[in-house]
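Numbering (my numbering), first residue to last: 7 to 348.
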C-alpha cells in the first residue's frame with residue numbers, strides 16, 4: 007500500500023472534528039495496521055483543539071510489514087538511541103518521541119495506521135479487541151504504576167478517583183491479590199467500586215487544604231484499613247496533607263493522573279514514617295506487553311461504552327467524557343459503524 011491514501015480524524019483550533027487524508031509510505035521497520043477499535047482517552051479531549059490526528063488506543067490487524075520488521079506478522083492483532091530508550095524506558099526519552107505514537111501524528115481514529123515496529127504490541131489470544139483498546143493507554147499506565155510501587159498480594163491498595171484510570175487500578179490490583187480501597191468525592195460510584203472488586207469505599211474531599219477552617223474533618227481510618235500503596239487516579243490533589251490519614255507507615259504514593267497544579271507535601275510527616283512518593287508516566291515496552299498478558303490471563307475486562315468509528319461516534323463519546331457520565335472508558339468500534347473504507 008505504499009503511496010496509497012489513508013483517512014483519519016483530526017482536531018482543529020475551533021474544536022470541530024476534521025476528516026483528513028495522508029499518503030502512506032511504509033518504511034523498512036514500519037507496520038501497517040488496519041484499525042478495528044480505538045479507545046477514547048482524556049488526552050483526546052485536550053487534543054481536540056490541536057491540529058493533530060486524534061486517538062492513541064488503537065487495536066487492529068497487521069495488514070502489511072516493512073522489509074526488516076521481525077516483531078509482528080501479517081494477520082496478527084496488534085496495538086501501537088538515548089540511554090533511557092536503550093534501557094527500555096522510552097516513555098522518558100529526552101527527545102519526547104512519544105509513548106504510543108513514535109513519529110506518527112495521524113492518530114488511531116482511522117482506516118489504517120502506520121507505526122514503527124517498536125510501538126506495536128501483539129494482542130494476546132483471549133483478550134477481545136474492544137477490551138484491549140483502552141488497555142493500551144490507561145491500562146498499561148496503571149499497571150506500570152503498580153509495578154513501580156512494588157505491589158505485592160499482601161498490600162492494601164488505595165485508589166483516589168474512580169474514573170477511567172481508577173477503575174483500571176481497581177481491576178488490576180484486585181487481580182494481583184490485593185485488598186482495594188476506593189476513595190471518591192461522592193457516594194455515587196460506591197456500587198460500581200464494589201462490583202469491580204473493591205473491598206472498601208470511602209468518601210474523601212481532596213480539593214481543600216488539610217486543616218483549613220470550615221472544611222470537614224479528615225477521613226479517619228483504623229490502622230488495619232490504612233493503605234500500603236495509594237494511586238492518585240482522579241481529581242487534583244494539591245495538598246498531600248489530606249492523604250496522611252489514609253497511609254500506613256512506609257506507604258508508597260503514586261500520582262497517575264496528569265494535573266497542571268503544583269503539590270504541597272508536609273515534609274516531616276512523610277519522612278518520619280518512611281513514606282515514598284513515586285512518579286510514573288506511561289509504561290516501558292516490557293510492561294506494556296506484560297499488562298496485556300496479565301489482563302488476558304486474569305480475564306480483566308474494562309467497563310466500556312462503545313460507539314461507531316465515525317465523527318458522530320467520537321463526538322458522542324466526547325460529550326459523555328465532558329459531562330462525567332462515561333462508565334468508564336469509551337471505545338470506537340467499526341463493528342458498530344465504519345465511516346472509513348477499511
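The beta-carbon is built from N, C-alpha and C at its ideal position, and this holds for glycine as well.
Could you give the distance in angstroms between the alpha-carbon of residue 270 and the alpha-carbon of residue 282?
14 Å
Do residue 164 and residue 292 have their C-beta atoms within less than 8 Å of each other?
no
On the DSSP bridge list, what partners appear for residue 165?
188, 237
Count the CB pairs spanning the region 160-179 and the region 234-243 that are closer than 8 Å, and state whether there are at least three.
yes
Secondary structure of residue 253, DSSP reduced to three states:
strand
Is it right to say residue 89 is buried, meaning 16 or more other beta carbons lie within 10 angstroms of its own, or is it exposed?
exposed
What would DSSP say about residue 105, mapped onto helix, strand or coil?
Here residue 105 scores only 43 on pLDDT, less than 50, and its place in the model is too uncertain to base an answer on.
Go to residue 118, then tell me how far its beta strand (DSSP E) extends in each direction, as first and last residue.
118-122
Within 10 Å of its beta-carbon, does residue 115 have 16 or more other beta-carbons around it, so buried, or fewer, so exposed?
buried
Please work out which residues of its chain come closer than 7 Å, Cβ to Cβ, to residue 153, disregarding the five sequence neighbours upstream and downstream, and give them in chain order.
293
Sufficient close CB pairs (3 or more, under 8 Å) joining the region 117-133 to the region 293-305:
yes
Expressed to the nearest angstrom, what Euclidean distance is found between the alpha-carbon atoms of residue 33 and residue 72?
6 Å
How many whole angstroms separate the CB atoms of residue 288 and residue 170, which I take to be in contact at a CB cut-off of 8 Å?
That belief does not hold up - the Cβ atoms of residue 288 and residue 170 are roughly 15 Å apart, past 8 Å.
Around the C-beta of residue 63, are 16 or more other C-beta atoms found within 10 angstroms, so that it is buried, or is it exposed?
buried
Please name the residue in 25, 196, 144, 148 whose C-alpha comes closest to that of residue 112.
25
Suppose you measure from the CA of residue 39 to the CA of residue 227; what does that come to, to the nearest Å?
49 Å
Residues near residue 232 in its chain [Cβ-Cβ closer than 7 Å; skip 5 each side]:
252, 253, 254
Spatial neighbours of residue 98 within its chain, please: C-beta separation below 8 Å, excluding the five flanking residues on both sides.
90, 287
Thinking C-beta only, is residue 36 closer than 8 Å to residue 120?
yes
Could you tell me if residue 330 is buried or exposed, where buried requires 16 or more neighbouring beta carbons within 10 angstroms of its beta carbon?
exposed
Residue 312: first and last residue of the uninterrupted beta strand (DSSP E) it sits in
310-315
DSSP three-state call for residue 152: helix, strand or coil?
helix
Assuming residue 16 and residue 58 make a contact with CB atoms under 8 Å, what is their CB distance in whole Å?
6 Å
Out of 151, 172, 178, 140, point me to the one whose CA is closest to residue 304's CA.
178
My assumption, with CB atoms under 8 Å, is that residue 81 sits in contact with residue 68. Please give the rounded CB distance.
6 Å
Under three-state DSSP, which class holds residue 74?
coil
In chain order, what residues of the same chain lie with their CB nearer than 7 Å to the CB of residue 316, ignoring the 5 residues before and after it?
343, 345
Cα-Cα separation between residue 54 and residue 21, rounded to whole angstroms
5 Å
When you compare only the Cα positions, how much space is there between residue 248 and residue 268?
15 Å
Buried versus exposed call for residue 147 [16 or more other C-beta atoms within 10 Å across all chains shown]
buried
Would you identify the three-state DSSP class for residue 137, choosing helix, strand or coil?
helix
Can the beta-carbon of residue 27 be found less than 8 Å from the beta-carbon of residue 11?
yes
Cβ of residue 23 less than 8 Å from any chain D Cβ?
The structure shown contains no chain D; it is built from a single protein chain.
Thinking C-alpha only, which one of 192, 260, 336, 56 is nearest residue 314?
336
For a quick check, are the C-beta atoms of residue 339 and residue 136 less than 8 Å apart?
yes
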